[in-house]
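Student: Sharing a structure below in structure tokens format, with a few things to ask.
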Amino acid sequence: MILTVNQLTIAERLDIKHCAIQKPQFIGVIGANGAGKSTFLAALAGLLPIAPHSIRLQQHDLALMTVQQRRQQISYLPQFASVSTPVSVLQVLQQGLVNLTLAEQGRAAIERVCDEFNLVSLLSRSITELSGGEQRRVHVARACLGHATLALFDEPGSGLDIGYQLELMDHLKARSDQGQLVIAALHDLALAAQYCDQLMLLHQGQLVAYGTANEVLSDRHLANTFGIKATWLCNDDGVALLAQRLTINQNS
Amino acid sequence: MRSSWLWGYLAISCVLGWLYLGIGHYHFAWWPVDVLQQQIWLEIRLPRLLLAWLNGCALGAAGATLQVLLRNPLAEPGLTGVAGGAAVATVVVLYFGWLGAVSLWLPIIGLLGGAASLLVLWAIAGRDPSGTHLILAGVAVAAAAGAVLAVILNLAPNPFAFQELSLWLMGSVANRGWPQVSLIAPCVVIGAAILWSQRAFIGAHIFDQATLLSLGFRYASSMWLVLMAVTLLVAGSVVSAGIIGFIGLIAPHLVRLLGVQQPARLLWYSAMSGGLLLVVVDALVKWLPTRVELHLGVVAAIIGAPVLILLLQRTAKS
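Structure representation (structure tokens):
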């Protein structure tokens, strides 16, 4: 068991009874706005006060882990990650190595993520001068610097072109194949269905469904949580969905 | 790159320091010619030079740290009321005769006062310290501190106390000596040591709060330590020279204009340039042929206020 969530309650925003993830994989967290996706990820990252035993990462109780242990084992990309100081991309990545113990040299780690996310040409530029999508790529790369057991990404693809979004999903998938548990909050249901091994559907702070895309993205769930009816278009290359808004009557 | 900056700084400081020592009331001298001159150089001008430089360093470092920590380019010891709080506490113990003018307890009393205004500030604007909220709260705290200062000096048993109000509000390094230097020097050393030990934490403030929290710092204790270091620097400055405004604001922005942006470097460069800046301002104070010597803070404000207005305009636009 790599991650277990038990009776996780955070104020009135999140209330997850039980959920267990057995092996490293790519998990998508989906849900409407305000469903508790970001709160869930922040709680997993250890940013919010939680009760003892409510989250276990491998054999450790998250509430009792030291900041140093959390730093090594969990990487986290917040939804609104930003750097407002006009420092260079290289300096941002160097700063992102802080408190991180790596087997490789810090420079090697930076070179690795730069190759992975096509940042080499941006390294000497000031981060505040980059476009939103380019900045997002830098932040994703920053979160990928270490070799965490649990990698959390809160809407990693927001602001990215479709090409980069697909590339990003490929990278996240590859990381999960290499033994990392990747949990990402995602907005795009089609991308989530196409790439994720399992999906978690949150609704009003509760975990409504957890399983494969087929099980989670059922007509009933989509109607209840998003208020839509979906027509799925699938072929070997991927998945797309045509969504129709449901009226309130059908919804309830 | 780095060492050339340092050598350049040292060279400029030495030249400026020498010129500063030569400035007298009536004429300028390159070298103390007789015993009396020598005494003036060593007992009056040298401590004043060091006092100005140390004050500038303390305020520059404190201002830069506050700006980085609160992610607010307008934060400054004077504007945030930290200096005001330190001054009130110091004045209370001084003018009611509880402590002597150069007691080594003074910086600690100032520290308590500064910490008290930090707490008030945090209570008002702690949720979003990057906004104008903080500055408004700070101005309120600073104004309250100024008023309380006036009341205390009015009520103080010492008949000359009130005449010294402007000295506290405007700041001055005139008519002081080695004892005042020995008040601020330990504060600067300890404050700088704490800031140095927390440089990784300060440097990580280029990131947003959520990212910062995930980077493996013990946030609460690091934050406390750094804020205490800032308050100690400000307290040392206030007990030795009163409230000198604007240096803490201008020095970091000057350094940014030179192209230094990384918080950890910004800090040390601001301290160095703050020291130099205050020496220049004090040299102006000595050199200007006014009937009564102007207060250091007045000249700093005359230069600093327009800078503040420019900065406000630029932040309002962006």
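Going down the list, the sequences are from chains A and B.
When we follow this note's numbering, the leftmost residue of the first sequence carries the number 1, and every step to the right adds one.
When we follow this note's numbering, the leftmost residue of the second sequence carries the number 1, and every step to the right adds one.
C-beta atoms are modelled at their ideal positions from N, C-alpha and C, and glycine is treated no differently.
Determine the DSSP secondary structure at A151(A), reduced to helix, strand or coil.
Tutor: The residue you call residue 151(A) lines up with position 151 of the first sequence. Of the three classes helix, strand and coil, the one that applies to A151(A) here is strand, per DSSP.
Student: For C239(B), report the span of its beta strand (DSSP E) as first-last.
Tutor: Taking the first residue of the second sequence as position 1, residue 239(B) is located at position 239. According to the sequence displayed, residue 239(B) carries Val and not Cys. Taken as a continuous stretch (DSSP letters only), V239(B) belongs to no beta strand (DSSP E), being part of the alpha helix (DSSP H) at Y219 to A241.
Student: To which residues of the same chain is N251(A) closer than 8 Å at the C-beta, ignoring the five residues directly before and after it?
Tutor: For the purposes of this step, residue 251(A) is identified with residue 251 of the first sequence, where counting begins at 1. Below a pLDDT of 50, predicted positions are generally treated as unreliable, and N251(A), at 47, falls in that range; the measurement from the model is reported next regardless. Only A223, N224 and G227 meet the Cβ criterion.
Student: Can a CB atom of chain A be found closer than 8 Å to the CB of G203(B)?
Tutor: One-based indexing of the second sequence puts residue 203(B) at position 203. With 8 Å as the cut-off, G203(B) counts as an interface residue toward chain A.
Student: Could you say which of G96(A), R175(A), L207(A) and V98(A) lies nearest to C19(A) if we only look at CA atoms?
Tutor: As a working note, residue 19(A) is residue 19 in the first sequence. The residue with the shortest Cα to Cα distance from C19(A) is L207(A).
Student: Measuring CA to CA, which of Q37(B), L6(B), L10(B) and W268(B) is closest to L21(B)?
Tutor: Against the second sequence, residue 21(B) aligns to sequence position 21. Of Q37(B), L6(B), L10(B) and W268(B), the residue nearest in Cα terms is Q37(B).
Student: Excluding the 5 residues flanking H53(A) on each side, which residues of the same chain have their C-beta closer than 7 Å to its C-beta?
Tutor: The residue you call residue 53(A) lines up with position 53 of the first sequence. Hits under 7 Å: N6 and D61.
Student: Pull the bridge partners of I30(A) from the DSSP assignment, please.
Tutor: Along the first sequence, one-based indexing puts residue 30(A) at 30. According to DSSP, I30(A) bridges with L201(A).
Student: Taking only beta-carbon atoms, is D208(B) less than 8 Å away from chain A?
Tutor: Along the second sequence, one-based indexing puts residue 208(B) at 208. At least one chain A Cβ lies under 8 Å of D208(B).
Student: Nearest by alpha-carbon distance to Y210(A): which of E116(A), R220(A), V29(A) and L233(A) is it?
Tutor: Counted from its first residue, the first sequence places residue 210(A) at position 210. Y210(A) has its Cα closest to that of V29(A), out of E116(A), R220(A), V29(A) and L233(A).
Student: Given that G81(B) touches chain A, what residues does it touch there, using C-beta distances under 8 Å?
Tutor: In the second sequence, residue 81(B) corresponds to position 81, counting from 1. Simply none; closest approach about 24 Å.
Student: Can you find at least 3 beta carbon pairs, one from the region 197-214 of chain B and one from the region 147-158 of chain B, that sit closer than 8 Å?
Tutor: Output reads no: the region 147-158 of chain B does not touch the region 197-214 of chain B.
Student: Comparing C-alpha positions only, which one of V91(B), A161(B), S117(B) and L213(B) sits nearest to L77(A)?
Tutor: Your numbering for residue 77(A) matches position 77 in the first sequence. L77(A) has its Cα closest to that of L213(B), out of V91(B), A161(B), S117(B) and L213(B).
Student: Select from L134(B), L267(B), H253(B) and R127(B) the residue whose C-alpha is nearest the C-alpha of A192(B).
Tutor: Position 192 of the second sequence, counted from the first residue, corresponds to residue 192(B). Checking every option, the nearest Cα to that of A192(B) belongs to L267(B).
Student: Tell me where the alpha helix (DSSP H) around V148(B) begins and ends.
Tutor: Reading the second sequence from its first residue, position 148 is the one you call residue 148(B). Start and end: T132 to L155.
Student: Quick one: what's C234(A) bridged to in DSSP?
Tutor: Indexing the first sequence from 1 puts residue 234(A) at position 234. C234(A) is bridged to V239(A).
Student: State yes or no: is the C-beta of Q198(A) within less than 8 Å of the C-beta of I27(A)?
Tutor: Taking the first residue of the first sequence as position 1, residue 198(A) is located at position 198. Taking the first residue of the first sequence as position 1, residue 27(A) is located at position 27. In contact: Q198(A) and I27(A) (Cβ atoms closer than 8 Å).
Student: In the region 117-187 of chain A, which residue ranges form an unbroken beta strand (DSSP E) of at least 3 residues, counting only runs that do not cross its ends?
Tutor: 150-154 and 181-185, all fully within the region 117-187 of chain A.
Student: Write down the C-beta distance between L296(B) and I244(B) rounded to the nearest angstrom, noting that I regard them as a contact closer than 8 Å.
Tutor: Mapped onto the second sequence, residue 296(B) falls at position 296. Mapped onto the second sequence, residue 244(B) falls at position 244. Contact flag correct, Cβ pair sits at about 6 Å.
Student: Could you name the residues that DSSP lists as bridge partners for Y210(A)?
Tutor: For the purposes of this step, residue 210(A) is taken as residue 210 along the first sequence, with counting starting at 1. Note: Y210(A) sits in a beta bridge opposite M200(A).
Student: Determine the contact status of T90(B) and G138(B), defining contact as a CB-CB distance below 8 Å.
Tutor: For the purposes of this step, residue 90(B) is identified with residue 90 of the second sequence, where counting begins at 1. For the purposes of this step, residue 138(B) is identified with residue 138 of the second sequence, where counting begins at 1. No, Cβ-Cβ distance for T90(B) and G138(B) is not below 8 Å.
Student: Would you mind reading off the limits of the beta strand (DSSP E) that contains I74(A)?
Tutor: Position 74 of the first sequence, counted from the first residue, corresponds to residue 74(A). Counting along the chain, the beta strand (DSSP E) containing I74(A) begins and ends at I74 to L77.
Student: Give me the Cβ distance between L16(B) and G248(B), rounded to the nearest whole Å; I'm assuming they're in contact under 8 Å.
Tutor: Looking up residue 16(B) in the second sequence gives position 16. Looking up residue 248(B) in the second sequence gives position 248. In fact, because the Cβ distance is near 20 Å, the residues do not count as touching under 8 Å.
Student: When the cut-off is 8 Å and only beta carbons count, does Q262(B) lie next to chain A?
Tutor: Position 262 of the second sequence, counted from the first residue, corresponds to residue 262(B). So, interface residue.
Student: Rounded to whole angstroms, what is the Cα-Cα separation between C196(A) and Q165(A)?
Tutor: One-based indexing of the first sequence puts residue 196(A) at position 196. One-based indexing of the first sequence puts residue 165(A) at position 165. Going from the Cα of C196(A) to the Cα of Q165(A) covers about 14 Å.
Student: With DSSP as the reference, label D128(B) as helix, strand or coil.
Tutor: The count along the second sequence starts at 1 and reaches residue 128(B) at position 128. D128(B): coil per DSSP, three-state reduction.
Student: Please list, in chain order, all residues of the same chain as L165(B) whose beta carbon is under 8 Å from its beta carbon, the five residues on each side excluded.
Tutor: For the purposes of this step, residue 165(B) is taken as residue 165 along the second sequence, with counting starting at 1. Answer for L165(B): L149, A150 and L153, listed in chain order.
Student: What's the gap between the Cα of E12(A) and the Cα of G34(A)?
Tutor: As a first step, residue 12(A) must be located in the first sequence, where it is residue number 12. As a first step, residue 34(A) must be located in the first sequence, where it is residue number 34. Whole-angstrom Cα-Cα distance: 12 Å.
Student: Apply the 10 Å Cβ neighbour rule to E293(B) and answer buried if 16 or more other Cβ atoms are within range, or exposed otherwise.
Tutor: Taking the second sequence and counting its residues from 1, the one referred to as residue 293(B) is at position 293. Classification of E293(B): exposed, given that the 10 Å Cβ count is below 16.
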